[in-house]
Amino acid sequence: MGILEVKDVSKRFGGLKALTDVNLSVAENTVHAIIGPNGAGKSTLLNCFVGKLIPDTGSVMFDGESVLGRAPYEINQMGISRVFQTPEIFGDLTVLENMMIPCFAKRDGSFELNALPNMMGQKDIVERAEEVLEDMNMADKRHDHSASMSRGDKRRLEIGMCLSQEPRLLLLDEPTAGMARADTNNTIDLLKEIRDRRNITIAIIEHDMHVVFSLAERITVLAQGTPLVEDTPDNIKGHPKVREAYLGESA
Amino acid sequence: MFGLDKKDTTLLLVVAALTMLAPFLLNPFPTESGMAQFNAGYPDLMQKFVIFGIFAIGFNILFGLTGYLSFGHAAFLGVGSYAAVWIFKLFTYNVFPAILLSVIVAALFSLLIGFVSLRRSGIYFSILTLAFPQMSFALAYSVLSNPKFNLTNGETGLQVYADDPQRFHREGLPDLPHLFGLSMRSTHTMEIGAWSFDFNVGYYLCAIVMLVTFYLSVRIFRSPFGMMLRAVKSNQQRMNYTGLNTRPYTLAAFVISGMYAGLAGGLLAAMDPLAGAERMQWTASGEVVLMTILGGAGTLIGPILGAGFIKYFENIFSKINDNVLHQWFSFMPDGIEDFMVFIVHPFVGKGWHLTLGILFMLVVIFLPGGLVDGGQRIGRWLRSRGQKEDKTTGTTEPAE
Ligand SMILES: Nc1ncnc2c1ncn2[C@@H]1O[C@H](COP(=O)(O)OP(=O)(O)OP(=O)(O)O)[C@@H](O)[C@H]1O
Ligand SMILES: [Mg+2]
Chain A
70 MGILEVKDVS
80 KRFGGLKALT
90 DVNLSVAENT
100 VHAIIGPNGA
110 GKSTLLNCFV
120 GKLIPDTGSV
130 MFDGESVLGR
140 APYEINQMGI
150 SRVFQTPEIF
160 GDLTVLENMM
170 IPCFAKRDGS
180 FELNALPNMM
190 GQKDIVERAE
200 EVLEDMNMAD
210 KRHDHSASMS
220 RGDKRRLEIG
230 MCLSQEPRLL
240 LLDEPTAGMA
250 RADTNNTIDL
260 LKEIRDRRNI
270 TIAIIEHDMH
280 VVFSLAERIT
290 VLAQGTPLVE
300 DTPDNIKGHP
310 KVREAYLGES
320 A
Chain B
12 MFGLDKKDTT
22 LLLVVAALTM
32 LAPFLLNPFP
42 TESGMAQFNA
52 GYPDLMQKFV
62 IFGIFAIGFN
72 ILFGLTGYLS
82 FGHAAFLGVG
92 SYAAVWIFKL
102 FTYNVFPAIL
112 LSVIVAALFS
122 LLIGFVSLRR
132 SGIYFSILTL
142 AFPQMSFALA
152 YSVLSNPKFN
162 LTNGETGLQV
172 YADDPQRFHR
182 EGLPDLPHLF
192 GLSMRSTHTM
202 EIGAWSFDFN
212 VGYYLCAIVM
222 LVTFYLSVRI
232 FRSPFGMMLR
242 AVKSNQQRMN
252 YTGLNTRPYT
262 LAAFVISGMY
272 AGLAGGLLAA
282 MDPLAGAERM
292 QWTASGEVVL
302 MTILGGAGTL
312 IGPILGAGFI
322 KYFENIFSKI
332 NDNVLHQWFS
342 FMPDGIEDFM
352 VFIVHPFVGK
362 GWHLTLGILF
372 MLVVIFLPGG
382 LVDGGQRIGR
392 WLRSRGQKED
402 KTTGTTEPAE
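Laid out in structure tokens, this is it:
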């Protein structure tokens, strides 16, 4: 049994079959990549994991529990964190404050009326946030206004925010899209480090094959809403069907 | 001090000093001088300054932090006033239980309205909240005022009559709102030379309550809860996917600001024991929106400044009539004098709304952060000038 079990998931948007009978199993503590051409339904599938969409049929089980019908915040509290295709951070807040919020969510749950103590007086939270910033090599930026950072830094911050919660499953939707080569390589290094150091399962959607083959242990190829094959990176590289459906186009 | 950092403590002490010394500060002109009409240091107006300050401080907790723009907060102020007057009618003129009930009733009322309105965000939320004060106004004005069940006394407004039960009213207590015997109306007037200053019990009660509520709002702004509210404004999607439920956060902010409004309503009734439906009209809600934006939404002291500004305009500018204008311009030749009066006339007296409107537009366009923003810009400008002259200090101060 994988930590994430997807069974017969289908999703329609009007007449468009975005997902058809998707079956997927993500094994614990692995990096699982989901690749496929534009419009294959990758983001739609991810949205079904985090409560943004509810599939028409099928089931999504995380660690033996169904996530369907739960609100996004409940699913996050179960241990799933998501990094978005375009960085989603708290642009009006400083980098340190950005990092403190997920720490509060981890410590206090989905709501806590903590209205009188000073937030900087919450030593455990500040320490934890600083520690993650240190890990992300962002400690020197802690008092910066987060909206004014580069896209690469925002992405780094968002990944850090997700990691600070010590999720069991981290979902990444094209984490290097629109990044410069150097930033992409930094992100690869960062993700490798996370993979090797922590007990964490990562599911990653990515178009950049360099990123996929540097990180993934399993790869699922999605085309027109259905998984085509699922295999190890080496086998995927040589797979004729995959070349035809996906790599053939980009080569 | 008081669990605040140095900067916030200074701010609190400044506000405390200003409110405590207000009777002096607001009466800078000798009583007999031509400028005396610009004196704002009479009890009635000073009370309004701080009461509407409380209203705006509370509104700012919702609007300034979460960005949810409510047009319904006058309704909470209104129910606060009604609740207080009912205590006066049924039980006692003591303002303590009256104000307490105002806050409780406003809390319940805002819990209900917040629960419904917060199902939507942005413009839809604002429109939902716009409906409530109008409904409350209609209820108070007619529906809840019929011979069988007269809760609001309709058009006349709710007030205390001689045949009201006032169960705990005793001989020897003031026949007006009082705090354990201390009448809200009692005023000590101090004459110093040509000047006169009024020290009014009601004002000082309101001022102390405002200081306490201001202090609480500073604590809220600096707390984890306050940061969550700013996060709601910044990115709700990120909050949801970070495991935080935004609904109870916004609802809590809504109820807290509703309680501030109820407190203001209770104090208004405590200063003048009557409550009318017009207090609930949406234009009254619009006023607190203006106060907050004019002063600086999301800043600590902005709402107080905004409230003071608008109440000053409403009460002082509105009293300037043509006679006064003629007096001012009397040094000019007759033709020009008449012309000047003609030009200025639309902007004063009944036209004070016009001046306020222009001022409001100027602030929103040129000072998006309100009066506080203006103050900070002047501060920065002065500092940068100071630095240019003093080139040996190469360090720049961190931005605030
Ligand atoms: N909310 C929606 N309403 C209608 N159609 C949608 C919606 N979301 C996605 N689709 C459609 O479903 C299909 C799959 O979209 P999806 O975003 O999952 O693709 P993707 O594999 O992530 O593509 P990309 O690589 O471009 O991000 C597309 O044809 C898309 O237009
Ligand atoms: Mg996508």
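The listed protein sequences derive, respectively, from chains A and B. In terms of this note's numbering, the first sequence opens at residue 70 and continues consecutively. In terms of this note's numbering, the second sequence opens at residue 12 and continues consecutively. Each residue gets a CB set at the ideal place from its N, CA and C atoms; glycine is no exception.
Any chance the CB of K17 of chain B is under 6 Å from a heavy atom of ligand 2? In the second sequence, the residue the question calls residue 17 of chain B occupies position 6. Outside the cutoff, so no.
Looking at the strands, I want to know which residues DSSP matches up with W206 of chain B. By one-based count along the second sequence, residue 206 of chain B stands at place 195. Per DSSP, the beta-bridge partners of W206 of chain B are B:I203.
My output table needs one value for T126 of chain A: the three-state DSSP class, helix, strand or coil. Taking the first residue of the first sequence as position 1, residue 126 of chain A is located at position 57. Reduced to three states, the DSSP call for T126 of chain A is strand.
Would you report the Cα separation of M205 of chain A and G381 of chain B, rounded to the nearest angstrom? Locating residue 205 of chain A in the first sequence gives position 136, counting from the first residue. Locating residue 381 of chain B in the second sequence gives position 370, counting from the first residue. If I take the Cα positions, the gap works out to 37 Å.
6 Å CB neighbourhood of G221 of chain A in its chain, flanking five on each side removed: What you label residue 221 of chain A is simply residue 152 of the first sequence in a count that begins at 1. Result list for G221 of chain A: M248, D252, in chain order.
What does M205 of chain A touch in chain B if you count any residue whose Cβ is under 7 Å from its own? In the first sequence, residue 205 of chain A corresponds to position 136, counting from 1. Those within 7 Å of M205 of chain A in chain B number zero; the least Cβ separation is about 16 Å.
So is S319 of chain A in contact with chain B if we call contact Cβ pairs under 7 Å? Within the first sequence, residue 319 of chain A is the residue found at index 250, counting from 1. Confidence is the limiting factor: at S319 of chain A the pLDDT is only 48, short of 50, which leaves the residue's position unreliable, though a coordinate-based value still follows. At least 7 Å separates the CB of S319 of chain A from every CB of chain B.
Taking T294 of chain B as the reference, which of B:L141, B:G69, B:F66, B:Q58 has the closest Cα? Residue numbering aside, residue 294 of chain B sits at position 283 when the second sequence is read from its first letter. Ranking the options by Cα distance to T294 of chain B, first place goes to B:L141.
Continuous alpha helix (DSSP H) stretch holding S268 of chain B: start and end: In the second sequence, residue 268 of chain B corresponds to position 257, counting from 1. Looking at the DSSP string, the run of the alpha helix (DSSP H) that includes S268 of chain B is 257-282.
In whole angstroms, give me the CA-to-CA distance for V164 of chain A and M221 of chain B. Looking up residue 164 of chain A in the first sequence gives position 95. Looking up residue 221 of chain B in the second sequence gives position 210. One alpha carbon belongs to V164 of chain A, the other to M221 of chain B, and they sit about 34 Å apart.
Determine, using beta carbons only, whether R220 of chain A comes closer than 7 Å to chain B. Translated into positions along the first sequence, residue 220 of chain A becomes position 151. It does not; no Cβ of chain B falls within 7 Å.
For M168 of chain A, would you say it is in contact with chain B, using Cβ-to-Cβ distances shorter than 7 Å as the test? Translated into the one-based positions of the first sequence, residue 168 of chain A becomes position 99. Among the residues facing chain B, M168 of chain A is not included, as its CB has no counterpart in that chain under 7 Å away.
P171 of chain A versus chain B: which residues are under 8 Å apart at the beta carbon? On the first sequence, position 102 is the one that residue 171 of chain A refers to. Those are T253, G254, listed as they occur along chain B.
Does the structure place the region 361-373 of chain B close enough to the region 279-291 of chain B that three or more beta carbon pairs sit under 8 Å? No: fewer than three Cβ pairs fall under 8 Å.
Below-7 Å beta-carbon distance, Q398 of chain B vs any chain A residue: For the purposes of this step, residue 398 of chain B is taken as the residue at position 387 of the second sequence. Cβ-Cβ to chain A under 7 Å: no for Q398 of chain B.
A272 of chain A, DSSP secondary structure in three states: Stepping through the first sequence from its first residue, residue 272 of chain A is reached at position 203. Residue state, collapsed to three classes: strand.
R233 of chain B and N187 of chain A closer than 7 Å at C-beta: Translated into positions along the second sequence, residue 233 of chain B becomes position 222. Translated into positions along the first sequence, residue 187 of chain A becomes position 118. The answer is yes: Cβ separation under 7 Å.
The alpha helix (DSSP H) spanning A117 of chain B covers which residue range? On the second sequence, position 106 is the one that residue 117 of chain B refers to. Note, A117 of chain B: alpha helix (DSSP H), 106-128.
Beta carbon of K80 of chain A: closer than 6 Å to some heavy atom of ligand 2? On the first sequence, residue 80 of chain A is found 11 positions in, with the first residue counted as 1. Answer for K80 of chain A: no, Cβ out of range of ligand 2.
In terms of DSSP beta bridges, what is I288 of chain A paired with? For the purposes of this step, residue 288 of chain A is taken as the residue at position 219 of the first sequence. I288 of chain A is bridged to A:A102, A:D300.
Verify the contact flag: K111 of chain A, CB atom, against every heavy atom of ligand 2, threshold strictly below 6 Å. As a working mapping, residue 111 of chain A is identified with position 42 in the first sequence. Within the chosen limit of 6 Å, ligand 2 reaches the beta carbon of K111 of chain A through at least one heavy atom.
The alpha helix (DSSP H) that contains F143 of chain B, what's its start and end? Along the second sequence, one-based indexing puts residue 143 of chain B at 132. Element bounds for F143 of chain B: 133-149.
Kindly list the residues whose CB is nearer than 8 Å to the CB of K210 of chain A, restricted to its own chain and excluding five residues on each side of it in sequence; keep chain order. Taking the first residue of the first sequence as 1, we reach residue 210 of chain A at position 141. Counting only Cβ-Cβ distances below 8 Å, and skipping sequence neighbours, we find V164, L202, M218, D222.
Would you say P379 of chain B reaches chain A, if we count a Cβ-Cβ gap shorter than 7 Å as a contact? Taking the first residue of the second sequence as 1, we reach residue 379 of chain B at position 368. Not one chain A Cβ lies under 7 Å of P379 of chain B.
For Q146 of chain A, return the contacting residues in chain B, with the cut-off set at a CB-CB distance below 7 Å. Counting from 1 along the first sequence, the entry for residue 146 of chain A is found at position 77. Result: G254.
Measuring straight from C-alpha to C-alpha, what distance separates P235 of chain B and L122 of chain B? For the purposes of this step, residue 235 of chain B is taken as residue 224 along the second sequence, with counting starting at 1. For the purposes of this step, residue 122 of chain B is taken as residue 111 along the second sequence, with counting starting at 1. The straight-line gap separating the alpha-carbon atoms of P235 of chain B and L122 of chain B is approximately 22 Å.
Check the Cβ of N11 of chain B against every Cβ in chain A and list those closer than 8 Å, keeping chain order. Lying before the first or after the last residue shown, residue 11 of chain B is absent from chain B, which here runs from 12 to 411.
Please tell me whether, using a cut-off of 6 Å, the distance from the CB of G108 of chain A to the nearest non-hydrogen atom of ligand 1 is below it. On the first sequence, residue 108 of chain A is found 39 positions in, with the first residue counted as 1. Residue side-chain check: G108 of chain A places its Cβ nearer than 6 Å to a non-hydrogen atom of ligand 1.
List the residues of chain A that G14 of chain B touches, going by C-beta distances under 7 Å, in chain order. By one-based count along the second sequence, residue 14 of chain B stands at place 3. Under the 7 Å cutoff, chain A gives N187.
Using a C-beta to C-beta distance shorter than 7 Å, which residues of chain A count as neighbours of M372 of chain B? Working through the second sequence from its first residue, we reach residue 372 of chain B at position 361. Residues of chain A whose Cβ lies closer than 7 Å to the Cβ of M372 of chain B do not exist, since the nearest Cβ in that chain is about 25 Å away.
Using the Cα positions of A410 of chain B and G385 of chain B, report the straight-line distance between them to the nearest angstrom. To locate residue 410 of chain B, count along the second sequence from 1; it is residue 399. To locate residue 385 of chain B, count along the second sequence from 1; it is residue 374. Confidence is the limiting factor: at A410 of chain B the pLDDT is only 37, short of 50, which leaves the residue's position unreliable, though a coordinate-based value still follows. Answer to the nearest angstrom: the Cα atoms are 15 Å apart.
Between the region 231-245 of chain B and chain A, which residues of the former have a C-beta closer than 9 Å to a C-beta of the latter? For chain A, the residues of the region 231-245 of chain B that bring a beta carbon within less than 9 Å of one of its beta carbons are I231, R233, S234, P235, F236, G237, M238, M239, R241, A242, K244, S245, in chain order.
Determine whether the Cβ of P259 of chain B lies closer than 7 Å to any Cβ atom of chain A. Counted from its first residue, the second sequence places residue 259 of chain B at position 248. Put simply, the CB of P259 of chain B is near chain A, with a gap under 7 Å to one of its CB atoms.
On the DSSP letters alone, give me the boundaries of the beta strand (DSSP E) that R81 of chain A sits inside. By 1-based counting over the first sequence, the position of residue 81 of chain A is 12. 73-82 is the extent of the beta strand (DSSP E) around R81 of chain A.
If you compare alpha carbons, which of B:S128, B:Y260, B:G306 is closest to V374 of chain B? By 1-based counting over the second sequence, the position of residue 374 of chain B is 363. Here the closest residue by C-alpha is B:G306.
What does the alpha-carbon distance come out to for the pair F35 of chain B and G269 of chain B? Within the second sequence, numbered from 1, the residue matching residue 35 of chain B stands at position 24. Within the second sequence, numbered from 1, the residue matching residue 269 of chain B stands at position 258. Looking at the two C-alpha atoms, the distance is approximately 32 Å.
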